[in-house]
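J.:
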Amino acid sequence: MSKLIGAPLLIGAVAYTPNVVPIWEGIREYFDEPDTAMDFVLFSNYGRLVDALQAGMIDIAWNTNLAYARSVLQTDGHVRALAMRDTDANFSTVFVGAAGSGWSGPEDIATRRLALGSADSAHAAILPLHYLRAAGVDVDQLHLQRFNSDIGKHGDTGRSELDAIDAVLAGDADVAAIGITVWENIGRGDLMPGMLEPVWQTETYSHCMFTALDTLPEAVYAPWVAKLLAMDWNVPAHRRILELEGLTRWVGPHLEGYEGLFQAIKEQGVDSRW
Amino acid sequence: MVIMALMRTLEQMTEGDTAEFAVSSASELELVRRWCDKTGNTLVSTLMVEQDTGHVTVGRGRPRNPGSMIPPNRMPGARLWLYTNFHCNLACDYCCVASSPKTDPRLLGIDNIQALVTEAADWGVQELYLTGGEPFLLPDIDVIVRACVDRLPTTLLTNGMLFRGQGLRKLQAMPRQGFALQISVDSPTAEVHDSHRGAGSWKRALAGIRVALDEGFTVRVAATISAHDDPALDDLHTLFDGLGIPRADQVIRPIALQGVAEEGVAITRESMIPEVTVTAEGIYWHPVAALDDQALVSRQILPLAPALDRVSELFTEQWSSVTSATSMFACA
């Protein structure tokens, strides 16, 4: 589907929290200029978002890493990665255990009960198993406890990671796999003193990505991306949006950070469609 | 585990919404403060019921620009509070400045008041509030009121119990234009009010309101509410409505953990929009903290303008780097 130059761009995102509405209203206001005007549509899950991108219902999708990978796989690579948060370029998974466990490294996880987040969360379920396997752990022998608390939202709510942490704190699991953002939000354990300690952390990988089909004209997306990258933490109105969305600056695509996820999708037989 | 509760709850909230959480220790309160700072959320208020336990209210996101949230008549410098005296005919058990019949009066004095009011009007203050102690214990309160009303709209806070004899004559001598009385009534029936303020005080306050209304004064009413008492707010409004007090002139506020209060809303300079307050002992950030050294702006009460400038500057800095929300504590 072609895009009329000058018409407002339509951005799709998933409403994983009510706060998504003021975030996108703030973003829309920021882009409210002739070359970059946009509107947004919110979906209830990433499956519908990826479908809408392919169907031409939206011009750009604000994808998770799994939604980006599925967009690539479903279009045979006919997508264009546009931009991501600085925090998306250096994402990782942290394995945490109860404070005082003294465990360290993948070999200590191999023999423990591992709590994972939602099955479609790349950072809390798919990539933890991938990186454990890459480190030599026989993941088929792991004792897994899964918390599929926000299926469809790819772990965006953080709820399944909190459920995994609760399982560790309750003694129902030994180790929980959580995203670096949840770990940072509890001050790397400092804000829950005496409760958790890190056991192992994966290498960094890429997370969310603004994604378009490769048929979207450069003249349409380029001004929008340029204005996105111009958002400045030192401008209070910009900072409010950046802080709510969890970044300090927008950056260009780091596609090398998706290699692990594409491998994991193959290894684990993750459905490329839903 | 308050951090887990914060993370679960705030994720499901929209920017500007608030939720209340129990805290069980001072260290847990500090963790909440640090978490809010780290995650871009706002510690709106704390209510410590006992020494180390209580509740916190946390808001999603950061507070907006003060100009978009605070009405112009509540911006720093719009109001000036003058503590005319500290002694009182009552000894309320929550008094934020520990007033009682035995309290040293610490009079501000007519000369200081005239100088302060002149400077305030020139600086841009829009309203004056006279409080105590009980201002009607002062033999020259009518002169003080006149000096204030001549320059700016003025409200005088009183318990309304002294409108007899000399007190009534002083009241009758006060101007009706540009002047209002704010009289304290804490409950719709005598029981709760009298338990905090003394036997018979509710009945006399109601009588005082009627006298002031009959004399043609604008009367506002203010209720101070304890977390432990049934506030019966509907009944309270019905009482005030019945007296002919407009809803806009019915102020309801919590007890502040200041003075002799053993419970109430914890107050810090950072948690309050300033309402510059002058006592005989100095200039303070807010009238509920007029004994609190943490809220002291200056020991020198004249000239006033530098202190008004300083408070405005401090508030601007505080707001722009907010780590805990600044909220209005409504005294009037």
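Residue numbers (my numbering), protein chains in the order written: chain X, -18 to 255; chain U, 4 to 335.
No residue lacks a Cβ here, since even glycine has one placed at the ideal position from N, Cα and C.
#1: With a threshold of 16 other CB atoms inside 10 Å of the CB of V216 (chain X), please say whether the residue is buried or exposed.
#2: I'd like to know if E10 (chain X) contacts chain U, where contact means its C-beta is closer than 8 Å to some C-beta of that chain.
#3: Which residues in chain X have a C-beta closer than 7 Å to the C-beta of L34 (chain U)? List them in chain order.
#4: So who's on the other strand from Y132 (chain U), going by DSSP bridges?
#5: Taking the beta carbon of L133 (chain U) as the centre, do at least 16 other beta carbons fall within 10 Å, making it buried, or is it exposed?
#6: DSSP three-state call for S315 (chain U): helix, strand or coil?
#7: Which word fits E23 (chain U), buried or exposed, when buried means at least 16 other C-beta atoms lie within 10 angstroms of its C-beta?
#8: Which value, in whole angstroms, describes the spacing of the CA atoms of K206 (chain U) and R149 (chain U)?
#9: Applying a beta-carbon distance threshold of less than 9 Å, which residues of chain X neighbour E316 (chain U)?
#10: Contact check, A64 (chain X) vs L97 (chain X) under 8 Å by CB: the rounded distance?
#11: For Q249 (chain X), which three-state DSSP category applies?
#12: Do the stretch 93 to 108 of chain U and the stretch 251 to 269 of chain U touch if we need at least three Cβ pairs shorter than 8 Å?
#13: Any idea which residues DSSP pairs S130 (chain X) with across the strands?
#14: Ends of the alpha helix (DSSP H) at P87 (chain X)?
#15: Can you find a CB in chain X that lies within less than 8 Å of the CB of G43 (chain U)?
#16: Can you find a C-beta in chain U that's less than 8 Å from the C-beta of D213 (chain X)?
#17: V(-5) (chain X) and N26 (chain X): beta carbons closer than 8 Å?
#18: What are the residues of the stretch 102 to 132 of chain X that lie near chain U, defined by any Cβ-Cβ distance shorter than 9 Å?
#19: Is the beta carbon of D155 (chain X) within less than 7 Å of some heavy atom of the ligand GDP?
#20: Give the DSSP-derived three-state secondary structure of A62 (chain X) in the structure shown.
#21: Could you list the residues in the stretch 66 to 94 of chain X with a C-beta less than 7 Å from some C-beta on chain U, going in chain order?
#22: Distance check for R65 (chain U) and I113 (chain U), CA to CA, integer angstroms please.
#23: Whole alpha helix (DSSP H) runs in the stretch 92 to 163 of chain X with 4 or more residues, listed along the chain?
#24: Beta-carbon within less than 8 Å of L110 (chain U)'s beta-carbon, same chain only, minus the 5 sequence neighbours each way: which residues are those?
#25: Can you check whether the C-beta of L143 (chain X) is within less than 8 Å of a C-beta belonging to chain U?
#26: Going by alpha carbons, who is nearest to M16 (chain U) out of U:V195, U:L32, U:N76, U:T45?
#27: Does the CB of L177 (chain X) have a neighbour CB from chain U at under 8 Å?
#28: Are there 16 or more other CB atoms within 10 angstroms of the CB of M4 (chain U), so buried, or fewer, so exposed?
#29: Whose C-alpha, out of U:D232, U:G245, U:L13, is nearest the C-alpha of G267 (chain U)?
#30: Grouping DSSP H, G and I as helix and E and B as strand, with all else coil, what is E137 (chain U)?
#31: What whole-angstrom Cβ distance do F220 (chain U) and R172 (chain U) have, given they're in contact under 8 Å?
#32: Kindly indicate if chain U contains any beta-carbon less than 8 Å away from that of N0 (chain X).
#33: Less than 7 Å between C-beta atoms, sequence neighbours within five positions excluded: which residues of the same chain meet that for A310 (chain U)?
#34: Please report the distance separating the alpha-carbon of T92 (chain X) from that of A207 (chain X).
#35: If you draw a straight line from the alpha carbon of R250 (chain X) to that of R114 (chain X), how long is it in whole angstroms?
#36: Hey, how far is the Cα of P75 (chain U) from the Cα of V53 (chain X)?
T.: With the structure as the only source:
#1: Around the beta carbon of V216 (chain X), fewer than 16 other beta carbons sit within 10 angstroms, so the residue counts as exposed.
#2: For E10 (chain X), the closest Cβ of chain U is not nearer than 8 Å.
#3: One finds L172 in chain X with Cβ atoms closer than 7 Å to the Cβ of L34 (chain U), taken in chain order.
#4: Partner(s): U:W84, U:T158.
#5: Buried is the call here.
#6: Looking at S315 (chain U) - three-state DSSP - the assignment turns out to be helix.
#7: By the 16-neighbour rule on beta-carbons within 10 angstroms, E23 (chain U) is exposed.
#8: So the alpha carbons of these two residues sit roughly 29 Å apart.
#9: Ordered by position in chain X, no residue passes the 9 Å Cβ test against E316 (chain U), which lies about 18 Å from the chain.
#10: That belief does not hold up - the Cβ atoms of A64 (chain X) and L97 (chain X) are roughly 29 Å apart, past 8 Å.
#11: It is helical.
#12: At 8 Å Cβ cutoff, the stretches touch.
#13: BP columns for S130 (chain X) are empty, so no partner.
#14: 87 to 91 is the extent of the alpha helix (DSSP H) around P87 (chain X).
#15: Yes, its Cβ sits closer than 8 Å to a Cβ of chain X.
#16: Taking Cβ atoms only, chain U never reaches closer than 8 Å to D213 (chain X), which makes this a no.
#17: For V(-5) (chain X) and N26 (chain X), yes; Cβs fall inside 8 Å.
#18: Per Cβ criterion, the list is empty.
#19: Summarising the ligand content, the structure contains no ligands, and the ligand GDP is consequently not present.
#20: Reduced to three states, the DSSP call for A62 (chain X) is strand.
#21: For the stretch 66 to 94 of chain X, no residue has a beta-carbon sitting nearer than 7 Å to a beta-carbon of chain U.
#22: Each residue's Cα considered, the two are about 43 Å apart.
#23: If only complete runs of 4 or more residues are kept, the stretch 92 to 163 of chain X shows the alpha helix (DSSP H) at 108 to 115, 140 to 150, in order along the chain.
#24: Taken in chain order, the residues that qualify are T87, N88, L141, A283.
#25: Answer yes: the Cβ-Cβ gap between L143 (chain X) and chain U drops below 8 Å somewhere.
#26: Cα-wise, what sits closest to M16 (chain U) is U:T45.
#27: Closer than 8 Å to the CB of L177 (chain X) there is not a single CB belonging to chain U.
#28: Counting of Cβ neighbours within 10 angstroms places M4 (chain U) among the exposed residues, the total staying below 16.
#29: For G267 (chain U), the nearest C-alpha among the options comes from U:D232.
#30: In this structure, E137 (chain U) counts as coil in the three-state DSSP scheme.
#31: Taking 8 Å as the upper bound for CB-CB distance, F220 (chain U) and R172 (chain U) are not in contact here, some 14 Å apart.
#32: At least one CB of chain U lies nearer than 8 Å to the CB of N0 (chain X).
#33: Here the set comprises V279, I286, V300, S301.
#34: Those two C-alpha atoms are separated by around 49 Å.
#35: As written in the sequence, residue 250 (chain X) is Gly, which differs from the Arg given in the question. So the alpha carbons of these two residues sit roughly 14 Å apart.
#36: Going from the Cα of P75 (chain U) to the Cα of V53 (chain X) covers about 54 Å.
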